[in-house]
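Here is the structure we will look at.
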Amino acid sequence: MVTFIQTYTKASQTEEARELRAAWLFKLNTAHQTAYSISDLIVKDEITKRYYRNEENTKDSRLHMMFSNYIADLINVFPDVAEISLYLADGQEDIRVAFDVSNKEEIQRSEIISRIFEKPHHDVINIEIHEDFEAPVLRFYRGIEMLSEIKSPQRPVMQTVATVRMTLLLDQVFSSSTPLPASQLGPMLIDDSGKLLYSSAPEALSEEFRTQAMNATQGIFTVDGKSWFVDRYEWRPGILLLSILELDALSSDIAEAMIALSFSGLLVLLLLPLALGLLFRHMVLLPLYSLVRAADDTESDIDSKHLNRDDEIGILLKAFASMRKSLIQQNLALRNQVYKDGLTGLPNRNALPHILEESAKRSRKLKIELALMFLDLDGFKQVNDAHGHSSGDLLLKLVAERVSGQLRNNDQLYHFLDDEMSLEASLVRLGGDEFTVVLPDIRSRSNARKVAHRIISSMESPFDLEGAEVFVGCSIGISLFPSDTADLEELIQFADAAMYEAKRRGKMQAVLYDGTMHNSEMAQMEISKVLHHAVTNDEVESWFQPKIDPVTNQIHGFEALARIQSKKFGFISPAKFIPIAERSPMIDVITLRCLENCCRLQKHLEIEFEECFQMSLNLSPRQFSNRELFEQLNETVQRYDVDPKSIEFEVTETSIMEYKDLGKDLLKTLKGFGFKTSLDDFGTGYSSLGHLHDFPVDSLKIDRLFFENIEDRASQSILESVLQLARNLNLTVVAEGIETAEQMKYVQDREVDLVQGYIYSRPLQQSDVIEFVRLFKQTQNLKPIVNATVDP
């Protein structure tokens, strides 16, 4: 009889342990499903494909930032995920987003990442100790595959380009809002060799306890006089889940009383196990099996008759159903967050591929064209810098409302995604000050242009930013499906290229795509590759053109000019690579290297001739707000022990007027560091002479256009006015582009301070400057060279 009671007690504890196991399994499987769902969004999303389609050395920094923000949005929406990382094929960590954790992990190609790249369809789940949290975590690895652009027998059609790694803290995975009973311990995870991978309270468990629990073969073990029951379950290959309960000691008095029962009582007890077994199966096992099935498959429903129970099993099933409903709602909220712009409420960049796909289906079915417009605001950065980011956000909302108001009913298209989320408007915010408009029913190209001009015209009225009136415009590029292309990704690229062409033509323009724009874009991509190669291999050189006093015939200084003379690509004109560099941080690298070359050359000249020559170099409009660059410029001259007054920075008149407030701040900052400043290409912009006193500059460089036809009376009048005003403001006047004797006599007669041009010298390589100065000093009284050969 004692044996019977012991057996029944063990069976009861076994079922209780299985209930506990089911609860732990639900939490583990929910964590796995969460990691898989989010990785599925990343792997299949269009922004991921765009990000990894480009070569590493041509990646757009804006795309990298948008992709990082997209990963950060996923973590913000789903806080159970502690970290998302992406690794390249060589094991290099590409992107990592986590909550306030520094990155201490050494970058190397691990065995797991190697396995993913060898078997991309093979997902990996692992229990690891996090390098930064120093806590056990659940990690889910998955490969990102893309079609290979190079097709050959040796190269697979699908190529693994990266691995996404999801990290969840196991303490959060197993966390519970209600404390465990004293008889139950938190979950333990071990590997198949018996090594402890995780315990919710490892400090409370002795070494003997862990050893007994991991090695118990019959399910029961004793430590320090207490008996425990352990349930072992293989959750994943090589990962075992242990659920542990404390056993109640059997009373010897109960055992003796059971032995003393009569024969009739014995007969009842013999029949009781059968009845209890059937009851136990109906009341406990079947509901728990239903719960386990639902935990393994979130689409599996729990039988409603089990949910209506009022006992502990019913409470457990109801709690699971509530958690399951919460998970579904979180997934829907995640999708809404991923596809909706939080500022304007418009569909965002992730929604655009879905909108285009639905629009394209309709276009194919009805055999009509659709138009895609790329809108980029003109002047938004100035407003954002002048009035602050909150005003900039308000302006973006107002722009979205105004553009939406210009889209008539037949310009709109309603889209539905899985009957759960509707993308109701064809206006999409890509990010920053960029928008797109999808026009689903365009009868002709002229109709698309009319809609674009309607939008541009609407931007002519000012925007009210809480009492401050501001003006912004927009440039629009248009591509048509399927006449321009039937490929939706190319449709986006073509509209983007047309938008940049609109900006090049003077902004507030609407431009339809044509094939020449694609060729121009490809050429720019090639130049970008060449520029990246030149910067990486230190092939961006500084050439120097002298500035000379035309009256005393003495060298005043030199202007540094960036040149690329590549061993691989040959000479690249600055007119080609400077505009490309200005779109990226490479322009800052070029400027800093140019300043270092100026400092070194000035020191060599000072040693050689005991004379300090002024060095000038140019700044790009993109650098006007880069305070960190200004600090680096100052640190550079300090490092070379160069007087800042001997360094002059030139900015063009056009850029200083386009970014007027930023330009003033830039000039004041440079003057604050002690540098000289100059207004370059004066006369080509749209400023009046009356604006000169607004800018803290030391000199003016008059553009070469004014000297090409010195007989023109209008040019003479402007020059006379500029010279007079410059003298009144105590500014140095530099005439650039002087090449003929007639031009030289003209500037000498008017006592122009400095001359720069081929009449004295072409730009010189750094190694030729010292020899030029030596020869110039020896022939200082000779006339300058006239009609010199023009070199790059």
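Adding 225 to a residue's 1-based position in the sequence shown gives its number in the numbering used here. No residue lacks a Cβ here, since even glycine has one placed at the ideal position from N, Cα and C.
Residue environment, Lys901, which counts as buried when at least 16 other CB atoms sit within 10 Å: Translated into positions along the sequence shown, residue 901 becomes position 676. Its Cβ being crowded by 16 or more others within 10 Å, Lys901 is buried.
3-residue-minimum beta strand (DSSP E) runs that sit fully inside the segment 909-985, ordered along the chain: As far as the segment 909-985 is concerned, its whole beta strand (DSSP E) runs of at least 3 residues are 924-927, 957-961 and 979-981.
Nearest-angstrom Cβ-Cβ length linking Ile995 and His829, presumed shorter than 8 Å: Stepping through the sequence shown from its first residue, residue 995 is reached at position 770. Stepping through the sequence shown from its first residue, residue 829 is reached at position 604. Contact flag correct, Cβ pair sits at about 6 Å.
Rounded C-alpha distance that separates Ala242 from Ala441: As a working mapping, residue 242 is identified with position 17 in the sequence shown. As a working mapping, residue 441 is identified with position 216 in the sequence shown. Taking the straight line from one Cα to the other gives about 15 Å.
Contained alpha helix (DSSP H) runs [length at least 4] in the segment 803-847, N- to C-terminal order: 811-834, all fully within the segment 803-847.
Proximity of Arg654 and Ala735 at Cβ, strictly below 7 Å: Taking the first residue of the sequence shown as 1, we reach residue 654 at position 429. Taking the first residue of the sequence shown as 1, we reach residue 735 at position 510. No, the Cβ-Cβ distance between Arg654 and Ala735 is not below 7 Å.
Heavy atom of the ligand HEM within 6 Å of Glu271 beta-carbon: Absence of the ligand HEM is noted for the structure shown, with no ligands found whatsoever.
Proximity below 7 Å, CB of Ile1048 to CB of Phe802: The requested residue 1048 is not part of the displayed model; the chain covers only 226 to 1017.
Local Cβ density within 10 Å of Glu594, reported as buried at 16 or more and exposed below that: As a working note, residue 594 is residue 369 in the sequence shown. Its Cβ being crowded by 16 or more others within 10 Å, Glu594 is buried.
Leu817 versus Ser871 - alpha carbon distance: The sequence position of residue 817 within the sequence shown is 592, counting from 1. The sequence position of residue 871 within the sequence shown is 646, counting from 1. Rounded to whole angstroms, Leu817 to Ser871 spans 16 Å at the Cα level.
Three-state secondary structure assigned by DSSP to Asp993: Your numbering for residue 993 matches position 768 in the sequence shown. Asp993: helix per DSSP, three-state reduction.
Any 3 or more C-beta pairs closer than 8 Å across the segment 412-421 and the segment 458-465: Pairwise C-beta distances place the segment 412-421 in contact with the segment 458-465, as three or more of them are shorter than 8 Å.
Start and end residues, alpha helix (DSSP H) containing Tyr295: As a working mapping, residue 295 is identified with position 70 in the sequence shown. Looking at the DSSP string, the run of the alpha helix (DSSP H) that includes Tyr295 is Ser286 to Val302.
Closest residue to Phe932 among Ala314, Ser686 and Val972 (Cα-Cα distance): For the purposes of this step, residue 932 is identified with residue 707 of the sequence shown, where counting begins at 1. Residue Val972 is the option with its Cα nearest to Phe932.
Touch test, the segment 771-778 against the segment 978-986, Cβ-Cβ under 8 Å, three pairs minimum: yes
Element boundaries [beta strand (DSSP E), containing Asn609]: Residue 609 sits at position 384 when you count from the first residue of the sequence shown. Note, Asn609: premise wrong, no beta strand (DSSP E); alpha helix (DSSP H) at Phe605 to His612.
C-alpha gap between Thr392 and Glu271, whole angstroms: As a working note, residue 392 is residue 167 in the sequence shown. As a working note, residue 271 is residue 46 in the sequence shown. Rounded to the nearest angstrom, the two C-alpha atoms are 23 Å apart.
Beta-carbon gap between Arg390 and Ser310 smaller than 7 Å: By one-based count along the sequence shown, residue 390 stands at place 165. By one-based count along the sequence shown, residue 310 stands at place 85. Yes.
Those residues which DSSP pairs with Ile415 across a bridge: Locating residue 415 in the sequence shown gives position 190, where the first residue counts as 1. DSSP, once it has assigned bridges, lists Leu421 and Leu465 as partnering Ile415.
Beta-carbon gap between Gly782 and Phe838 smaller than 7 Å: On the sequence shown, residue 782 is found 557 positions in, with the first residue counted as 1. On the sequence shown, residue 838 is found 613 positions in, with the first residue counted as 1. In contact: Gly782 and Phe838 (Cβ atoms closer than 7 Å).
Of the residues Leu664, Ile469, Val322 and Ile703, the one placed nearest Gln631, counting alpha carbons only: Residue 631 sits at position 406 when you count from the first residue of the sequence shown. The shortest C-alpha separation from Gln631 is found at Leu664.
For Ile703: DSSP bridge partner residues: Reading the sequence shown from its first residue, position 478 is the one you call residue 703. In DSSP, Ile703 forms a bridge with Met598 and Leu737.
Minimum length 4: unbroken alpha helix (DSSP H) runs contained in the segment 848-874: Unbroken alpha helix (DSSP H) stretches of 4 residues or longer found wholly inside the segment 848-874: 852-864, given in chain order.
For Ala441, three-class secondary structure by DSSP: One-based indexing of the sequence shown puts residue 441 at position 216. Coil, per DSSP.
Collapsed DSSP secondary structure at Phe783 in the structure displayed: Position 558 of the sequence shown holds residue 783. Correct three-state label for Phe783: strand.
Neighbour-count burial assignment, Asn301, 16 or more Cβ in a 10 Å radius: Stepping through the sequence shown from its first residue, residue 301 is reached at position 76. It counts as exposed.
Beta carbon of Met742 nearer than 7 Å to that of Ala711: On the sequence shown, residue 742 is found 517 positions in, with the first residue counted as 1. On the sequence shown, residue 711 is found 486 positions in, with the first residue counted as 1. For Met742 and Ala711, no; Cβs fall outside 7 Å.
Cβ neighbour criterion (16 or more within 10 Å) applied to Lys420: Within the sequence shown, residue 420 is the residue found at index 195, counting from 1. It is exposed - the Cβ of Lys420 has fewer than 16 other Cβ atoms within 10 Å.
Residue span of the beta strand (DSSP E) that contains Ala360, given as start and end: Locating residue 360 in the sequence shown gives position 135, where the first residue counts as 1. That residue, Ala360, is in no beta strand (DSSP E); it is neither H nor E in DSSP.
Neighbourhood of Ile780 by C-beta distance below 7 Å, restricted to the same chain and skipping five residues each side: On the sequence shown, residue 780 is found 555 positions in, with the first residue counted as 1. Excluding residues within five positions, the ones whose Cβ falls inside 7 Å are Pro771, Ile773, Phe838, Val998 and Phe1001.
Residue from Ala323, Thr385 and Ser845 whose Cα sits closest to the Cα of Asp357: The sequence position of residue 357 within the sequence shown is 132, counting from 1. Cα-wise, what sits closest to Asp357 is Ala323.
The alpha helix (DSSP H) enclosing Ile680, as first and last residue numbers: Translated into the one-based positions of the sequence shown, residue 680 becomes position 455. Ile680 -> alpha helix (DSSP H) spans Arg670 to Ser683.
Proximity of Ala611 and Leu571 at Cβ, strictly below 7 Å: Looking up residue 611 in the sequence shown gives position 386. Looking up residue 571 in the sequence shown gives position 346. The answer is no: Cβ separation not under 7 Å.
When Asp919, Gln941 and Val958 are compared against Leu925, the one with the closest alpha-carbon: Locating residue 925 in the sequence shown gives position 700, where the first residue counts as 1. Answer by Cα proximity: Val958.
Residue closest to Asp689, alpha-carbon to alpha-carbon, out of Glu659, Gly702 and Val608: Counting from one through the sequence shown, the residue named residue 689 turns up at place 464. It is Val608.
Nearest to Phe920 (by Cα), restricted to the options Leu895, Gly656 and Glu433: Reading the sequence shown from its first residue, position 695 is the one you call residue 920. Cα-wise, what sits closest to Phe920 is Leu895.
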